[in-house]
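Some notes on the structure that comes next.
Residue numbers (the numbering used here): 3 to 162.
Rendered as structure tokens:
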């Protein structure tokens, strides 16, 4: 049936990893841009730091991904257990920080309870992410904090 095929084609062409601005909260948007003053103001006004966008990203994912360490410090002190919450692809804030090579942020997340051995959709750990990207200072931080170097991803590869 033509209509069903057309719908299936449209769905197959959609990018489910793309962020749609209208699905992002104001808190997530300022965490993404690193505007700590506005972030503090919004949270002070009662805006949620737990809201998710269409990808399942929360403000803590945004800060970790874009390298905004001061925003991340603020969010970590206000989120408690959110340091381990994954997005829609099972990617944690620590996965994001490690894959980008953000050593200070990686350490900050770990010292605030981030699990160094969480796996994402491809069974990658933060150690896999850091090693693949060549971020050896982050690899050291992860190994110093008991990251398991024997975990295999979905293709049977270990991080090192």
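For each residue, glycine too, the CB sits at the ideal point set by N, CA and C.
ask   = Just checking my contact of residue 122 with residue 97 at CB under 8 angstroms: how many whole Å lie between their CB atoms?
value = On the chain shown, residue 122 is found 120 positions in, with the first residue counted as 1. On the chain shown, residue 97 is found 95 positions in, with the first residue counted as 1. Indeed, because the Cβ distance is near 6 angstroms, the residues count as touching under 8 angstroms.
query = In whole angstroms, what is the alpha-carbon distance linking residue 2 and residue 38?
reply = What the structure shows of the chain is the stretch from 3 to 162, and residue 2 is not part of that stretch, so it cannot be assessed.
request  = Compute the distance between the beta-carbons of residue 85 and residue 44, then report whether it is under 9 angstroms.
outcome  = If you number the chain shown from 1, residue 85 lands on position 83. If you number the chain shown from 1, residue 44 lands on position 42. No; because the gap between Cβ atoms is not below 9 angstroms, this pair is not in contact.
query = residue 158: which of 63, 148, 130, 79 sits nearest, CA to CA?
reply = Translated into the one-based positions of the chain shown, residue 158 becomes position 156. Nearest of 63, 148, 130, 79 to residue 158, Cα basis: 130.
ask   = For residue 102, does the three-state DSSP call read helix, strand or coil?
value = Stepping through the chain shown from its first residue, residue 102 is reached at position 100. Note: residue 102 maps to helix in three-state DSSP.
ask   = How about residue 116 and residue 68: do their beta carbons lie closer than 9 angstroms?
value = Against the chain shown, residue 116 aligns to sequence position 114. Against the chain shown, residue 68 aligns to sequence position 66. No, the Cβ-Cβ distance between residue 116 and residue 68 is not below 9 angstroms.
message = Please report the straight-line C-alpha distance between residue 142 and residue 152, rounded to a whole angstrom.
response = Position 140 of the chain shown, counting from 1, holds the residue named residue 142. Position 150 of the chain shown, counting from 1, holds the residue named residue 152. Those two C-alpha atoms are separated by around 15 angstroms.
request  = Identify the continuous alpha helix (DSSP H) that holds residue 133 and give its terminal residues.
outcome  = Residue 133 sits at position 131 when you count from the first residue of the chain shown. Taken as a continuous stretch (DSSP letters only), the alpha helix (DSSP H) holding residue 133 covers 128-135.
Sequence-distant residues of its chain with Cβ nearer than 7 angstroms to residue 133 (five each side left out) = For the purposes of this step, residue 133 is taken as residue 131 along the chain shown, with counting starting at 1. 141, 161, 162.
Residue 140: first and last residue of the uninterrupted alpha helix (DSSP H) it sits in = Here residue 140 corresponds to residue number 138 of the chain shown, with the count starting at 1. Annotation: the continuous alpha helix (DSSP H) that includes residue 140 extends over 138-146.
ask   = What number of angstroms, rounded off, separates the C-alpha of residue 50 from the C-alpha of residue 120?
value = Taking the first residue of the chain shown as 1, we reach residue 50 at position 48. Taking the first residue of the chain shown as 1, we reach residue 120 at position 118. When rounded, the distance between both Cα atoms is 25 angstroms.
task = Rounded to whole angstroms, what's the CA-CA distance from residue 149 to residue 137? Just pull it up for me.
result = Stepping through the chain shown from its first residue, residue 149 is reached at position 147. Stepping through the chain shown from its first residue, residue 137 is reached at position 135. Between residue 149 and residue 137, the C-alpha separation is close to 15 angstroms.
inquiry  = Taking 7 angstroms as the limit between beta carbons, can you name the residues of its chain near residue 70, skipping five residues before and five after?
reply    = Position 68 of the chain shown, counted from the start, is the residue given in the question as residue 70. Excluding residues up to 5 positions away in sequence, 33, 36 lie with their Cβ nearer than 7 angstroms to the Cβ of residue 70 in the same chain.
task = Taking all protein chains shown into account, decide if residue 11 is buried (16 or more other Cβ within 10 angstroms of its Cβ) or exposed.
result = Against the chain shown, residue 11 aligns to sequence position 9. Residue confidence for residue 11 is low, a pLDDT of 42 falling below 50, so the modelled location carries little weight and cannot support an answer.
query = Whose C-alpha, out of 114, 156, 155, is nearest the C-alpha of residue 80?
reply = One-based indexing of the chain shown puts residue 80 at position 78. Looking at the Cα atoms, 114 is the closest of the given residues.
query = How about residue 42: is its C-beta nearer than 9 angstroms to some C-beta of chain D?
reply = The question asks about chain D, but that chain is absent: this structure has only one protein chain.
query = By how many angstroms is the C-alpha of residue 63 removed from the C-alpha of residue 17?
reply = Your numbering for residue 17 matches position 15 in the chain shown. Your numbering for residue 63 matches position 61 in the chain shown. Caution applies to residue 17, whose pLDDT of 45 falls short of 50 and renders its modelled position unreliable; the value that the coordinates give is listed next. Taking the CA atoms as reference points, residue 17 sits about 19 angstroms from residue 63.
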